[in-house]
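For the sequence shown, my numbering begins at 33 and goes up steadily by one.
Where a beta carbon is used, it is the ideal one built from N, C-alpha and C, also for glycine.
Here the structure is a predicted model, which is why all the values come from computation and not from measurement.
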Amino acid sequence: MITHIHHINFVVADLDKSVRYFNGLLKQSPVIEELPQRLVKTARFNVGESLLVLVQPLSNEGVVAEILAQKGEGIFLLSFATESIDETLQKLEIKYLEKRTGLQGWSICDLAEYDQFGAILQLTESSKS
Numbered sequence: 033m034i035t036h037i038h039h040i041n042f043v044v045a046d047l048d049k050s051v052r053y054f055n056g057l058l059k060q061s062p063v064i065e066e067l068p069q070r071l072v073k074t075a076r077f078n079v080g081e082s083l084l085v086l087v088q089p090l091s092n093e094g095v096v097a098e099i100l101a102q103k104g105e106g107i108f109l110l111s112f113a114t115e116s117i118d119e120t121l122q123k124l125e126i127k128y129l130e131k132r133t134g135l136q137g138w139s140i141c142d143l144a145e146y147d148q149f150g151a152i153l154q155l156t157e158s159s160k161s
């Protein structure tokens with residue numbers, strides 16, 4: 033089942049500027065990496081057992097770029113942690129949805145599109161978090 037919020041993603045126009053703000057707020061330096069297959073660059077901060085992920089599109093293409101263009105900066109994804117995506121989907125009586133690999137090799141599965149709740153909802157199964 034769902035155990036906690038795994039991560040929250042903010043879409044940002046300027047990753048460097050946003051990193052400076054959250055670095056000051058959280059008093060930590062993030063892990064920065066690119067996901068070329070998703071056309072984004074990210075900065076990841078630890079907040080308790082959850083993560084705050086800043087996401088900047090690398091181009092005007094892709095889902096994240098579309099969200100930034102349509103809605104501007106802000107929260108666009110909420111991911112719930114689970115020990116097993118398959119078991120959680122079964123218990124929630126949700127038919128199998130497609131899984132993919134995210135940051136750090138996490139297995140992720142989108143539950144709801146951005147247009148449904150104003151944020152993408154997803155499950156994240158990380159290596160026994």
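Which class does Glu130 belong to by DSSP, given the choice of helix, strand or coil? By one-based count along the sequence shown, residue 130 stands at place 98. In the structure shown, Glu130 sits in coil (DSSP, three-state: anything other than H, G, I, E or B).
How far does the alpha helix (DSSP H) with Arg76 in it extend, from its first residue to its last? Against the sequence shown, residue 76 aligns to sequence position 44. From DSSP, Arg76 is part of no alpha helix (DSSP H) but of the beta strand (DSSP E) over 72-79.
Just confirm the distance between the C-beta atoms of Phe54 and Leu84, as a whole number of angstroms; I'd bet it's less than 8 Å. As a working mapping, residue 54 is identified with position 22 in the sequence shown. As a working mapping, residue 84 is identified with position 52 in the sequence shown. Phe54 to Leu84, Cβ: 7 Å. Contact.
With distances taken from CA atoms, which of Val95, Ser50, Arg76, Ile40 is nearest Gln136? Residue 136 sits at position 104 when you count from the first residue of the sequence shown. The shortest C-alpha separation from Gln136 is found at Arg76.
Can you tell me whether Asn92 is helix, strand or coil according to DSSP? Looking up residue 92 in the sequence shown gives position 60. Of the three classes helix, strand and coil, the one that applies to Asn92 here is coil, per DSSP.
Give me the Cα-Cα distance between Val95 and Trp138, rounded to the nearest whole angstrom. On the sequence shown, position 63 is the one that residue 95 refers to. On the sequence shown, position 106 is the one that residue 138 refers to. When rounded, the distance between both Cα atoms is 19 Å.
In angstroms with no decimal places, state the Cα-to-Cα distance between Ser111 and Ala45. In the sequence shown, the residue the question calls residue 111 occupies position 79. In the sequence shown, the residue the question calls residue 45 occupies position 13. About 21 Å.
Can you have a look at Asn41 and say buried or exposed, based on whether 16 or more other CB atoms are within 10 angstroms of its CB? Along the sequence shown, one-based indexing puts residue 41 at 9. Asn41 should be labelled buried.
Please check the pair Cys141 and Ile107, which I expect to be a contact at CB under 8 Å, by giving their CB distance rounded to whole angstroms. Counting from 1 along the sequence shown, the entry for residue 141 is found at position 109. Counting from 1 along the sequence shown, the entry for residue 107 is found at position 75. With a Cβ gap of about 19 Å, Cys141 and Ile107 do not count as contacting.
First through last residue of the alpha helix (DSSP H) which encompasses Ser50: Against the sequence shown, residue 50 aligns to sequence position 18. From DSSP, the alpha helix (DSSP H) with Ser50 extends over 47-58.
Environment of His36 [buried if 16+ CB atoms lie within 10 Å]: The residue you call residue 36 lines up with position 4 of the sequence shown. Result: exposed.
Nearest-angstrom Cβ-Cβ length linking Leu100 and Val43, presumed shorter than 8 Å: Position 68 of the sequence shown holds residue 100. Position 11 of the sequence shown holds residue 43. So it is a contact: roughly 5 Å between Cβ atoms.
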